[in-house]
Amino acid sequence: MTDQYDQVAATFADVEAVISFVRENLEWPSFKELLGDLRGLRVLDVGCGEGSFTRRIQQLGAAHVVGTDLSPGMIALARQAEARNPQGITYEVQDLKTMPPQGEFDVVTAIHVLHYADTRETMQTMAKTMHANLKPGGRLVVLSANANSSEESETAAGFRTYRPANPQEGDKFKVAVLTTPPTEIEVHHWPTETIVDVLETAGFTNVTWAPVKPAATVAPADRTRAERCAKSPTSLTITATKP
Ligand SMILES: C[S@@+](CC[C@H](N)C(=O)[O-])C[C@H]1O[C@@H](n2cnc3c(N)ncnc32)[C@H](O)[C@@H]1O
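Numbering (full-length UniProt numbering), first residue to last: 1 to 243.
Structure, rendered in structure tokens:
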């Protein structure tokens, strides 16, 4: 069966060109700060896609990095990148809803993946799986869609969202990445409080979230756009610990 990300894999370079501004100037700097020192650590990146952040995680000094994703097309792209420039990253096709434990990791990362959960039960299963893959004391670091993103930040980031009026938890809606023609993806509406609750129910503690913000290093010519991206931004970070 082909899933929506197998379609995206075919035109991934176009998508990446549009989303790179917010990724480079807000998302990666905010996320990297939370990852901290990864030297010597084992990291599992779930929903890794074609691995652009997985590779950066490995470059922060992680001893071993595993990337998993539902989409064979995205994992094929990730493996091609690994073959071109070997970093020792292992990539596996795995659905987070059914994935068996991949090991005991120090850190699990989930970057733009939780909003694909179609029900609260599905999100709860995903949270339980991430918890099961961490060693005691291990950390979860999430980047996720902000259910309260502003139209201004979406436009500045190169997206358009088609949320229903008064969206309810789990409601499906389309996001268009403004490629030519637009690349449409179906996602689900998950208020931050629900994600926090689901993570706590799975056994995580110290669950803390924050909106992404522009890096101090944003080039002067890019600051106005970065500030627009930051007005109720399109994504937020969540960190949590497995006791
Ligand atoms: C927006 S992309 C993000 C990819 C990558 N984390 C990044 O930020 O570059 C979302 C990814 O989540 C994957 N995904 C969605 N649902 C999933 C699931 N149930 N299990 C594993 N991966 C999933 C998709 O196949 C897609 O590659």
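Glycine is no exception: its CB is placed at the ideal position from the N, C-alpha and C atoms.
Residue i Cβ short of 7 Å to ligand 1 heavy atom set
{"i": "L178", "result": "no"}
{"i": "F21", "result": "no"}
{"i": "G47", "result": "yes"}
{"i": "S71", "result": "yes"}
{"i": "H189", "result": "no"}
{"i": "F53", "result": "yes"}
{"i": "M74", "result": "yes"}
{"i": "D171", "result": "no"}
{"i": "D3", "result": "yes"}
{"i": "I57", "result": "no"}
{"i": "I238", "result": "no"}
{"i": "K128", "result": "no"}
{"i": "D95", "result": "yes"}
{"i": "Y91", "result": "no"}
{"i": "V113", "result": "yes"}
{"i": "Y162", "result": "no"}
Contact belief for residue i with residue j at Cβ below 8 Å, rounded distance in angstroms
{"i": "G158", "j": "V177", "result": "6 Å"}
{"i": "P182", "j": "F173", "result": "In fact, because the Cβ distance is near 14 Å, the residues do not count as touching under 8 Å."}
{"i": "A127", "j": "A202", "result": "4 Å"}
{"i": "L143", "j": "E24", "result": "About 13 Å separates the two Cβ atoms, so there is no contact after all."}
{"i": "V113", "j": "L96", "result": "7 Å"}
{"i": "T179", "j": "D14", "result": "4 Å"}
Start and end residues, alpha helix (DSSP H) containing residue i
{"i": "K128", "result": "120 to 132"}
{"i": "F12", "result": "12 to 22"}
{"i": "A73", "result": "The sequence shown places Gly at residue 73, not Ala. It spans 72 to 84 - the alpha helix (DSSP H) in which G73 sits, taken as one unbroken run."}
{"i": "I195", "result": "192 to 201"}
{"i": "L35", "result": "28 to 35"}
{"i": "F53", "result": "52 to 59"}
{"i": "E227", "result": "223 to 229"}
Terminal residues of the beta strand (DSSP E) in which residue i lies
{"i": "D95", "result": "Where D95 is concerned, there is no enclosing beta strand (DSSP E), given that its DSSP letter is neither H nor E."}
{"i": "S150", "result": "First-last for S150: undefined, no H or E at that position."}
{"i": "residue 249", "result": "Residue 249 cannot be examined here, being either before or after the span of the chain that is shown, 1 to 243."}
{"i": "D106", "result": "105 to 111"}
{"i": "R39", "result": "No beta strand (DSSP E) holds R39; DSSP gives it neither H nor E."}
{"i": "I89", "result": "Per DSSP, I89 belongs to no beta strand (DSSP E) and is neither H nor E."}
Cβ-based burial, residue i [other Cβ within 10 Å; buried from 16]
{"i": "R139", "result": "buried"}
{"i": "E33", "result": "exposed"}
{"i": "T129", "result": "buried"}
{"i": "Y5", "result": "buried"}
{"i": "R55", "result": "buried"}
{"i": "N133", "result": "buried"}
{"i": "E151", "result": "exposed"}
{"i": "A226", "result": "buried"}
{"i": "P86", "result": "exposed"}
{"i": "S153", "result": "buried"}
{"i": "K242", "result": "buried"}
Contact with chain C by residue i, beta-carbon distance below 8 Å
{"i": "A63", "result": "This model lacks chain C altogether; it includes just one protein chain."}
Three or more C-beta pairs under 8 Å: does that hold for the segment 221 to 239 against the segment 40 to 48? As far as the Cβ criterion goes, the segment 221 to 239 does not touch the segment 40 to 48, which means the pair count is below three.
With a threshold of 8 Å, are at least 3 pairs of Cβ atoms found where one atom belongs to the segment 188 to 195 and the other to the segment 117 to 127? Contact between the segment 188 to 195 and the segment 117 to 127 is present, because at least three Cβ pairs lie under 8 Å.
Three or more C-beta pairs below 8 Å linking the segment 61 to 80 and the segment 141 to 155: When Cβ pairs closer than 8 Å are counted between the two stretches, the segment 61 to 80 is seen not to touch the segment 141 to 155, the count staying below three.
Measuring CB atoms only, is the segment 206 to 215 touching the segment 6 to 14, in the sense that at least three cross pairs come out at less than 8 Å? Contact fails: fewer than three Cβ-Cβ distances are below 8 Å.
Spell out a yes or no on whether the segment 88 to 106 and the segment 47 to 57 are touching, meaning 3 or more CB-CB pairs, one atom from each, closer than 8 Å. Cβ pair count under 8 Å is three or more, so yes.
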